[in-house]
Structures are given as structure tokens and as C-alpha cells.
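So the sequence shown is numbered by the working numbering: it starts at -13 and just counts up by one. Ideal Cβ placement from N, Cα and C applies to all residues, glycine included. Treat the numbers as computed from the prediction; the structure is a model and nothing was measured. Structure first, commentary second.
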Amino acid sequence: MKKRSLLANSTVVVLAQVWGMILTLAITPYVYRSLGSERYGLFALVLVLANYLTIVDFGFGWGIIKFVAEYVAKADFQRLQGAIRVAVWMSLVIGVLMAIGLVSLGPWLARSVFNVPPTQTDVVATGIALAGVFAILVLQCNVLAGILKGLQRFDLVVAFGSLTTTFRMVGYVLLLMWGYGLLSLWIVTIAGMLVLALAYRSCIKRLIPGISLFPRFERSAFRTIFSFSVFSFGTRLLTMPYFYLDKLFIGMLLPVAALSYYVIPFNLAQRIGGVGGMMVSVLFPSVSERAHDRRRFEELYRRTAPVAYALILPLILVAITAGPHFLGYWIDAKFAGLASLPLILVAVGVGVITLGSIDGTFIEGIGKPKIRTIIYAVLAVISLPLCYFLTGRFGINGTAVTICLAFSLGGVLEVLYHQIAVMKNWWYVKRILPATITLTVLGLAAGWSARFFMSGLWSTIGVGVLLYLLLALSALRIFHTDEQFKAHLVRFVRPAFYVVGMLRSRALSTFGR
């Protein structure tokens, strides 16, 4: 069974995120303009509802990653088979129950819960029913992708995921060009998930000869996975509302067009943060394998954390700086005026929680998912009522403020627990955490200033690139000693000196002739 290295896995997931970002940047303006702000809001509302419900999988989609990695390392095929069949069974049962609920409640949700125009209630009710089918397929894909991740075949996960995303986004454009409406967009989304599920199943059968993916309940395997997954599920249940429930609040309390001005910048910030976030998710199988070897565990953190910081932090801060101007060129000036502040606030929150997820992954890898559950349970009790209140009082800006605060506090608490309670590393708290907070505040100030004092997209991008280089070096500096940083700096600038020397030699030889 072929495994891929951590570097190879990180590379392919980053490339996949970049490709997804390119598709989003290319296609979202066309879809938005074709549907209009109101219908785009309805389209997003149904997908948000479907995605929100799919987190109720009791953590089996995440937990299967840990147990597949462990059982493969031990060559325990019998327990591997039991864990896989139970996870597939659990996701299927939950998905069918969700589908029944959505089909039954669809008309009531469209007419009484969400702020849907009367002329669109039947369309939205049908969309909610289709979301039930979507939920079944997404839950199956989550478990199947988890099996591949446990085998450390992230290349297959992201390859098929990228192909499905491309199919879906191109399908949106073609269907709108041919004059089809909202229902066709939801149907092509379901078709993409069905193709993805079949592709995952085919890969697993080839990678693990003799494995059965037929759903079956086995009590011992269920108890083993559930004892870990229930806390992992608790963490996701409490964090995913920040990704979905905020949008449902907007759909309930504000005109549905407001959802467009929030969802698009939110998705843009999430895509940018996802470049680093997906790289962090690659760590989980490797952390699980090293959980009982303290030396290898700490060595893995020291090797991966600086790279993750150097990638995530600059990307987010460049988004804060260049984002407001970019929205004006990407969509239009009116859209930028309404969506710039939510973009800045959400980008800050996404950046901090993505950085915190590095430490959170190590916390779960050593078998302590309960800690993350407690952190986000406390935050949910405080932030969700606050989000509801601020959304009703200040609109999408109030929603974005709450998300920024909740994400930032959650990320910081994960970092503090891992560094103090697990790593016993006060050095991080005294040096790296203050430096990271300082860089974040400076980036926020730079982004807010750029919104008012800089004109032109290219000048903003130029400043963003310069800011990225400076922050990448800063992130490496705060993680390393003087000698280590000098070595990194030499590797960083050596290609530039090589290019300059080559150009100089070419110029001298030309001048000499």
C-alpha cells in the first residue's frame, strides 16, 4: 500500500486550494450577475442549510482518519474492516434521517422560518428537499475521503475533489447561459457529489484489496470510534455554526439579498485561509502515528509549524490589505462598499483560527479532542446569542464582528493549551504569541488604511506582495534562533542572487561584443 510523504500531501492540497480559488474568482461574478443579489442569496441559503446539517455525523468522518492510520500502521486488517463498515453505516443512517426531515419540513422552512419572497417559496422548498439528497452524498463522501486521508492519500482526495469542483462550477455557467434556473444549479451540485462518492469508492477498493465498503453495524468497532469521535464531533458541532449558522441568521433576520453581500466575501476569506488550513489537515494522520513517541511528536511540530505560519499569516494579511479594492474590480463598486468591512473582519478571524488549528490538530492527535470541545462549547454559549443580536441590530457588519471575535478567541485558546499543557513551552507564549498578535494588528491597520488611501488594483497588489514577503520572513524569524534564521534567509535569497548574476553575465557578454 503506497503512502505519500507529508511534503507531497501538503503540496497537492495547497495546489488544489489554489485551483479552487481560481475557479471561485473566475466564475462567482458571472453567477452573481446572472442570478442577481436576491436569487443568489436563495441559492446560497439552501447550500448553507445542507452543508450545516452534514456536520451531524457524530465525528465519524473525522475519527475514521485516526483509526485507519493506526490500524494500517499495525497491519490489523480485521479492525480496519470493522471501523470502515461502521463509519459507512453510520453516515448512511444519519443521511437518510436528514433527507426525510428536510423533505418533510421544506415547505414550512421556506414559508415561516427564512425571509424568502412569496414568489420563491415553492422553489426554495424544492431546493431544501434536494438538500436532503445532497446531505446523504456529502456524509458518504466525508467518510470515504477520511479513509483515503487515513491512508495518507491526500493526492487522490484533492484530485477528485478538484475535478468535481470544476465540473460543478463549469456546470453553473453553462446552465445559466442556456437559461436554466436555481433548481438546475442545485441538481448539478448533487450530480457532482454522486460522481465524487463513486470515485472515492473505486480508489479505496484498489488501495485495500479485499476491503468491503458495505455498511454494517459492529458494536465493538462502533464503541471504539464513537469514544473518540463524539468529542471531535462536539468540537465541529460547536465550530461549524460559526461557518453556517451566521448565514442562517442573516437569512432569517435580513432581506435575502444581504446574504449575497456576506457569503461571497466570507467564501473568499475562507478560500484564502483554506490554502493553509488544508495543509494543516494533512498533519492529522502523521500526528496520530507519532502520538506515543514524544520525541517524534515534538520534532513534527517544530518542522511543520513555522512553514504553516509562514504560509497562512501572510496570505490572510494580504487579503485584508488588497481585498477591499479587489472586490470593486471583481464584482462592482456598490458590492465592494457593502462587503469590504465583512471581508476584513472575517479574514482576521479565519487567519487566527487557522493558525490555532495547527495546535488543535496536535491536541486531537494525542487523543484529547475533549479539550477543543470544551473551548468551543464555552465560546458557542457566548457568541451565538451575540451573533443573533448583532445581526438584527447592525446587519452583516454585526455578524462579521461576532465571527471575528469567536474565531480569534478560539484559535488563541487552542494555541495556549497546546503550548502550555502539552508542550510545556512557555517560550512560545512569551515570544511567538505576542509577535503573531502584533503582526495581525499591523496587518489589520494596513488593510483599513489601504481601503481609504490607496487607489488602483495593481498598486494595492504590489504592496500586498511586499507585505507577504516581509511577513513570511517575520513568521520564520519568530520561530527560529539567529543561526537558523540566517540559514533560512540564505535559502530564501539565493535564487534571486543567481538570477541577478546570470543577467549580469549576459549583459557583460553582450556589451563586450
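Check, Outcome
"Secondary structure of residue 87, DSSP reduced to three states", "helix"
"Rounded separation between residue 38 and residue 82 - CA only", "15 Å"
"Option nearest residue 61 by Cα separation, candidates 194, 183, 343", "194"
"Residue environment, residue 25, which counts as buried when at least 16 other CB atoms sit within 10 Å", "buried"
"Beta-carbon contacts of residue 158 that lie in its chain and below 6 Å, excluding the five residues immediately before and after", "17, 171"
"Residue environment, residue 501, which counts as buried when at least 16 other CB atoms sit within 10 Å", "There is no way to answer for residue 501, as the model of the chain reaches only from -13 to 499."
"Residue 25, DSSP secondary structure in three states", "helix"
"Residue 2, buried or exposed, once every other Cβ within 10 Å from all chains shown has been counted against 16", "buried"
"Whole runs of the alpha helix (DSSP H) within the region 279 to 317, excluding any shorter than 4 residues", "280 to 316"
"Simplified DSSP state of residue -12, which is helix, strand or coil", "Note that residue -12 scores 49 on pLDDT, short of 50, meaning its location in the model is unreliable and no value can be drawn from it."
"Residue 32 beta carbon less than 8 Å from that of residue 145", "no"
"Residue 75 classed as buried or exposed, judged by whether at least 16 other C-beta atoms fall within 10 angstroms", "buried"
"Spatial neighbours of residue 393 in its chain, beta-carbon cut-off 7 Å, leaving aside the 5 residues before and after", "228, 335, 336, 338, 339"
"Three-state secondary structure (DSSP) of residue 103", "coil"
"Given residue 327 as reference, the closest of 379, 309, 404, 114 once Cα atoms are compared", "309"
"Buried versus exposed, by CB contacts within 10 Å (16 or more), residue 233", "buried"
"Residue 98 versus residue 376 - alpha carbon distance", "22 Å"
"Proximity of residue 126 and residue 78 at Cβ, strictly below 8 Å", "yes"
"Euclidean distance between Cα positions of residue 11 and residue 331", "20 Å"
"CB contact flag (residue 130, residue 186, <8 Å)", "yes"
"Through-space distance from residue 128 to residue -2, alpha-carbon basis", "18 Å"
"Alpha helix (DSSP H) segment containing residue 185, residue limits", "168 to 193"
"Range of the contiguous alpha helix (DSSP H) that encloses residue 204", "Neither: residue 204 is in no alpha helix (DSSP H) and is coded neither H nor E."
"Residue 240 (DSSP reduced to helix, strand or coil)", "coil"
"For residue 22 and residue 244, the rounded distance between their alpha carbons", "12 Å"
"Alpha helix (DSSP H) segment containing residue 394, residue limits", "382 to 403"
"Check whether residue 235 and residue 373 have beta carbons under 8 Å apart", "yes"
"Residues near residue 322 in its chain [Cβ-Cβ closer than 7 Å; skip 5 each side]", "310, 313, 314"
"Residue 501 and residue 110 closer than 8 Å at C-beta", "Outside the modelled stretch of the chain, which goes from -13 to 499, sits residue 501, for which no answer is possible."
"Beta carbon of residue 381 nearer than 8 Å to that of residue 240", "yes"
"Assigned exposure category for residue -12 - 16 Cβ within 10 Å defines buried", "Caution applies to residue -12, whose pLDDT of 49 falls short of 50 and renders its modelled position unreliable; the model cannot decide the point."
"Assumed close pair residue 347, residue 269 - CB separation to whole angstroms, cut-off 8 Å", "5 Å"
"For residue 256 and residue 499, the rounded distance between their alpha carbons", "Reliability of the predicted coordinates at residue 499 is poor, the pLDDT of 46 falling under 50, and no value is obtained from them."
"Presumed contact (8 Å Cβ cut-off) between residue 385 and residue 369, rounded CB distance", "With 8 Å as the limit, residue 385 and residue 369 do not qualify as a contact, their Cβ atoms being about 11 Å apart."
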